[in-house]
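Residue numbers (the numbering used here): 2 to 306.
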């Protein structure tokens, strides 16, 4: 499987059987988006589902532990804009709190600490104070397209994008986590299980575009595979199935055939402008927002508890 996560080994370790060979799987839950405000009377928006709410611990030594993923973060950051290649050297040479294994986070790791319930900054200001919003923050994940730099997160809004080559940005380092290959299984009933996140996905998308409200209703009404608890994924869940090592489409096409190299809706409203909602572009994996009246593709999810 092509995609890898560089993220925490989390708190659950399970030996799963009946999926070909026996495999040791370290379960890593996707942290909730942080959105708790309601923006529509239609049930199924992000705030109607609270799974693994954000939880942090200040270690009193300049570091913050994410209690959901187990990752340890630099509380501050390198506040001078630098190239993505220089970010690697900064983290590798940092002896913060007596640890010498700091590194630049992956694209999805950095996205896990975005707070999509707020904006400017879109991050918990108690645990990550004074986070600037005039430049993006670097990840270690290279883009799969030409003339762009590594993936970077804008903590003004929560956008995940690939700036142009030779762009500059800030750096917040992380430690912990472990490489492990993505582990998907085809359940034979039109659904795909992601054993790492424990999320179960619709194998084929809905096959048509829809407005945000219609996308929510389509998932809530689905009975695919004999289950009635389908929902539209929040923005972090939806980005979790991106394979940013490829593009057109940026997903494991063997498990998710016919995925459009286009935008898919999430259930998460854009906090800075509630007339818009977050979407993921499966051409290459970018995360941005668009007006809810616009029509994009839909892939439903269930589980994740």
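From the three backbone atoms N, C-alpha and C, an ideal C-beta is built for every residue, glycine too.
Work out the CA separation of residue j and residue i for me, nearest whole Å.
i           : j           : result
residue 158 : residue 26  : 33 Å
residue 169 : residue 124 : 20 Å
residue 1   : residue 77  : Nothing can be reported for residue 1, as the shown portion of the chain is limited to 2 through 306.
residue 52  : residue 304 : 9 Å
residue 243 : residue 96  : 32 Å
residue 130 : residue 122 : 10 Å
residue 46  : residue 38  : 10 Å
residue 302 : residue 252 : 15 Å
residue 22  : residue 100 : With a pLDDT of 42 at residue 22, under the threshold of 50, the modelled position of this residue cannot be trusted; read the value that follows with caution. The straight-line gap from Cα to Cα measures roughly 37 Å.
residue 247 : residue 285 : 7 Å
residue 288 : residue 166 : 19 Å
residue 268 : residue 40  : 11 Å
residue 54  : residue 306 : 11 Å
residue 146 : residue 219 : 33 Å
residue 178 : residue 113 : 13 Å
Since residue i and residue j are thought to touch, with beta carbons under 8 Å apart, how far apart are those beta carbons, to the nearest angstrom?
i           : j           : result
residue 214 : residue 48  : Rounded, the Cβ-Cβ distance is 15 Å, inconsistent with contact.
residue 174 : residue 104 : 6 Å
residue 79  : residue 136 : The pair is not a contact, with the Cβ atoms about 11 Å apart (cut-off 8 Å).
residue 31  : residue 204 : The pair is not a contact, with the Cβ atoms about 19 Å apart (cut-off 8 Å).
residue 176 : residue 94  : Actually they are not in contact, since the Cβ atoms of residue 176 and residue 94 sit about 13 Å apart, beyond 8 Å.
Which of the three DSSP states is assigned to residue i in this structure?
i           : result
residue 273 : coil
residue 218 : helix
residue 44  : coil
residue 73  : strand
residue 22  : Per-residue confidence for residue 22 stands at a pLDDT of 42, beneath the threshold of 50, marking its modelled position as unreliable; no derived number is given.
residue 1   : A question about residue 1 goes unanswered here, because the residues of the chain that appear run from 2 up to 306.
residue 49  : helix
residue 121 : coil
residue 227 : helix
residue 99  : helix
residue 200 : strand
residue 213 : helix
residue 91  : helix
residue 115 : coil
residue 154 : strand
residue 31  : coil
Cα-Cα, which of the options is closest to residue i?
i           : options            : result
residue 370 : 217, 234, 192      : The requested residue 370 does not occur in the structure, where the chain is confined to residues 2 to 306.
residue 292 : 305, 273, 149      : 273
residue 277 : 117, 94, 122, 87   : 117
residue 192 : 180, 106, 206, 131 : 206
residue 262 : 67, 83, 297        : 297
residue 28  : 107, 183, 80, 59   : 183
residue 254 : 101, 224, 187      : 187
residue 185 : 198, 143, 112      : 198
residue 126 : 280, 57, 225, 266  : 57
residue 212 : 224, 299, 152      : 299
Let me check you understand the geometry: is the CB of residue i closer than 7 Å to at least one non-hydrogen atom of the ligand ATP?
i           : result
residue 174 : Only the bare structure without any ligand can be found here, which leaves the ligand ATP out of the picture.
For residue i, which residues does DSSP report across the bridge?
i           : result
residue 291 : 278
residue 57  : 67
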